[in-house]
Amino acid sequence: MRILLFFLIGLFAFINFTFAHGDELSLSDTISDTSISVVTLAGILIILLVVLAVAKKEKSEVFSRIVFILIALITLGATFYLAASTIYLNIVSETKGPVHWHADFRIFDCGNEVLLEEPTGLSNRIGRADLHEHGDGRIHIEGVVTELQDVSLGEFFESFGGTLTAGEIAFPGRDGSDRWMVNG
Numbered sequence: 045m046r047i048l049l050f051f052l053i054g055l056f057a058f059i060n061f062t063f064a065h066g067d068e069l070s071l072s073d074t075i076s077d078t079s080i081s082v083v084t085l086a087g088i089l090i091i092l093l094v095v096l097a098v099a100k101k102e103k104s105e106v107f108s109r110i111v112f113i114l115i116a117l118i119t120l121g122a123t124f125y126l127a128a129s130t131i132y133l134n135i136v137s138e139t140k141g142p143v144h145w146h147a148d149f150r151i152f153d154c155g156n157e158v159l160l161e162e163p164t165g166l167s168n169r170i171g172r173a174d175l176h177e178h179g180d181g182r183i184h185i186e187g188v189v190t191e192l193q194d195v196s197l198g199e200f201f202e203s204f205g206g207t208l209t210a211g212e213i214a215f216p217g218r219d220g221s222d223r224w225m226v227n228g
């Protein structure tokens, strides 16, 4: 039993390091990472309890009830955390809940339209999950917006490696080259 306890403590410490980030996280990212840790830990604990129940040779009714109650409590605890954190994030967000916004855009260089890089992969997007473009000339803002500056036009360009300031615009172009335009 001591080995199991040390294993769980070590595993929980490892999970927190696994989801650590170098940059400062937004509230939404922090809650998302913590939720992943809670669900992972709950799943591991439930699996360990099931393995313990299967491996035990003599199963009394009291033992079976304790295992059942522990599995139920772990499941309810993880579910409660997920529900409460989702409600909390919606309450404190700028938008008071999830949004699905679109903004059409086009970029011209001396009268010639230039296009952003082509989206690739299963997600078919460039940018982040909450702020991206699908190659359709439309900015997509999806999810809970904790702070409006997180979905600004400048943030959109930064989300896929570009830059947008009062004096310059830079982004990866559809033709594979990096596009960079300076005012003046």
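For what it's worth, my numbering labels the leading residue of the sequence shown as 45, then goes sequentially.
Cβ atoms here follow ideal geometry from the backbone N, Cα and C, with glycine treated the same way.
- Distance from leucine 93 to isoleucine 115 at the Cβ level is roughly 6 Å; contact confirmed, criterion being Cβ atoms closer than 8 Å.
- Here the stretch 150–168 does not lie against the stretch 191–198, with fewer than 3 beta-carbon pairs under 8 Å apart.
- Judged by DSSP secondary structure, asparagine 134 falls outside any beta strand (DSSP E) and instead within the alpha helix (DSSP H) spanning 105–136.
- In the three-state scheme derived from DSSP, where H, G and I count as helix and E and B as strand, threonine 164 is classed as strand.
- Assigned with DSSP and collapsed to three states, valine 189 falls in coil, not helix or strand.
- The way I'd put it, the stretch 140–151 does touch the stretch 181–188; three or more beta-carbon pairs between them come closer than 8 Å.
- Within the DSSP bridge table, the entry for threonine 207 names Ala214 as partners.
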